[in-house]
Amino acid sequence: MLEECDRDAWALRQRALVLAERKQFEEAFVDLKKAAALEPEHPWYFAVLAQVNKRADRTDESLTALRQALQRNIDQEPLIAELVALSRGRAEKRAALQFIRDQLHRQPHTGEGLVAFVGHSHQVASDPDDHTELLTTLEQILDERPDLWHAWSLVIQQLAVLMRL
Numbered sequence: 001m002l003e004e005c006d007r008d009a010w011a012l013r014q015r016a017l018v019l020a021e022r023k024q025f026e027e028a029f030v031d032l033k034k035a036a037a038l039e040p041e042h043p044w045y046f047a048v049l050a051q052v053n054k055r056a057d058r059t060d061e062s063l064t065a066l067r068q069a070l071q072r073n074i075d076q077e078p079l080i081a082e083l084v085a086l087s088r089g090r091a092e093k094r095a096a097l098q099f100i101r102d103q104l105h106r107q108p109h110t111g112e113g114l115v116a117f118v119g120h121s122h123q124v125a126s127d128p129d130d131h132t133e134l135l136t137t138l139e140q141i142l143d144e145r146p147d148l149w150h151a152w153s154l155v156i157q158q159l160a161v162l163m164r165l
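Next comes the structure, spelled out in structure tokens:
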């Protein structure tokens, strides 16, 4: 297929994933370089780059690529999950969540990223103040995006978590 479609960024990204799964990292990175030349700003280029780096035990590079992908499209629950999961320790996980929070304020979004952010915030929260801070963030996002039913629902859920209903 790739002989016929060697200028198809999607196909190159898919082959890079297969090559990385086979631990053929050098070849995977070659395909990713070709895909980047075709679609340099595509969020899934960075998502695949993150996966190839992860499989090559290059965690820092994987985290960087995940951030680059999420800067382009925050509505990517699997990438948010991966960013938080790969972050080591509570401080790094909180920094990852702060990054996601900043992107939710910066980008237009459909709410998928917001739902993922809240879910992972609950997993990382260890202090009652974390839940209060999350409510403040959700109220700010609701003020910015009153059109998102997700924002309304999540504010109500967070109020329930804090027993403020």
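All residue numbers for the sequence shown refer to my numbering, where the first residue is 1 and numbers rise by one. Quick reminder that beta carbons are idealized off the backbone N, C-alpha and C, glycines included.
Pick out whichever of the options has its Cα sitting closest to the Cα of residue i.
i	options	result
L162	I141, F117 and D130	D130
E21	W10, D57 and D6	D57
H105	S126, P146 and D127	P146
H92	E112, T132 and T59	Note on residue identity: the sequence assigns Glu, not His, to residue 92. Measuring from the Cα of E92, the nearest candidate turns out to be T59.
In whole angstroms, what separates the C-alpha of residue i from that of residue j?
i	j	result
R88	A28	26 Å
L138	H150	10 Å
L86	H122	17 Å
R15	I141	38 Å
T136	A35	40 Å
In terms of residue numbering, what span does the alpha helix (DSSP H) encompassing residue i cover?
i	result
Q76	It is not in any alpha helix (DSSP H) - Q76 carries neither H nor E in the DSSP assignment.
S121	E112 to V124
K23	Here K23 belongs to no alpha helix (DSSP H), and DSSP marks it neither H nor E.
S153	W149 to V161
R166	The first residue shown for the chain is 1 and the last is 165, placing residue 166 beyond what the model contains.
D6	Premise fails: D6 is in no alpha helix (DSSP H) and is neither H nor E.
According to the Cβ coordinates, are residue i and residue j closer than 8 Å?
i	j	result
R101	F117	yes
E61	N53	yes
A47	A11	no
Q98	L134	no
E82	A50	yes
S126	R90	yes
L66	G111	no
Q103	Q76	no
Pop quiz: residue i and residue j are said to be a contact at Cβ under 8 Å. What is the actual Cβ separation, rounded to whole angstroms?
i	j	result
H120	I80	6 Å
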